[in-house]
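In the numbering used here, the protein residues as written are 524 to 680. See structure below.
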Amino acid sequence: MEKVPMTAEGYRVLDDQLKQLKSVERPSVIAAISEAREHGDLSENAEYHAAKERQGWIEGSIADIEDKLSRAQVIDVSKLSGDQVKFGATVTVVDEDTEEEGRYQIVGEHEADVKAGKISVASPIARAMISKEVGDVVEVNTPGGVKAYEILKVEWK
524 MEKVPMTAEG YRVLDDQLKQ LKSVERPSVI AAISEAREHG DLSENAEYHA AKERQGWIEG
584 SIADIEDKLS RAQVIDVSKL SGDQVKFGAT VTVVDEDTEE EGRYQIVGEH EADVKAGKIS
644 VASPIARAMI SKEVGDVVEV NTPGGVKAYE ILKVEWK
């Protein structure tokens, strides 16, 4: 069984989603199905079919989150340190062509949110940066061609 690396924050977010699905969404959809059944003929009851479809989505989401949580390898970033880029590091880079700076935290796949500065450990840029240090230049294949980034800073929070 393959472990799913995630930060403590990522684990908490998934756990909160699971609690929301089980304690709010699931009872809500069960009530909607019950109400739709009272309307009679189920074969032509759009409310019933929509509620059943939603129930399927909720149950699938619950199973997916429970699977991730059971395989979670929670990494406490606050206890990490060093100059090398690893999972959980917040890395400041500069694009060598445009001189544009970027700051990214390397997180688990389900935690990735580029707008929030969180990139998946499986992303091309994160894979290129792993094991590198401040001052190293990494090359990343992008749809627009090869981009070079210099690592300016590695932080742990």
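Backbone N, C-alpha and C fix where the C-beta goes; we use that ideal spot for every residue, glycine too. Keep in mind the model is a prediction, meaning the values are calculated, not measured.
Opposing strand residues paired with residue i [DSSP bridges]
| i | result |
| --- | --- |
| GLY668 | THR665 |
| PRO528 | GLN596 |
| GLU522 | Lying outside 524 to 680, the shown extent of the chain, residue 522 is not represented and no answer is given. |
| GLU678 | THR613 |
| ILE629 | ILE642 |
| ASP636 | LYS641 |
Under the three-state DSSP convention, the category residue i falls into
| i | result |
| --- | --- |
| GLU624 | strand |
| ASP564 | coil |
| SER551 | helix |
| ASP606 | coil |
| VAL644 | coil |
| SER654 | coil |
C-beta atoms of residue i and residue j nearer than 7 Å
| i | j | result |
| --- | --- | --- |
| VAL663 | ALA645 | no |
| ILE674 | ASP659 | yes |
| LEU537 | ILE585 | no |
| GLY533 | GLU634 | yes |
Alpha-carbon spacing of residue i relative to residue j, whole angstroms
| i | j | result |
| --- | --- | --- |
| LEU541 | LEU592 | 10 Å |
| LYS655 | SER643 | 17 Å |
| GLY625 | LYS670 | 13 Å |
query: Three or more C-beta pairs closer than 8 Å, one from the segment 574-587 and one from the segment 545-558: is that the case here?
result: yes
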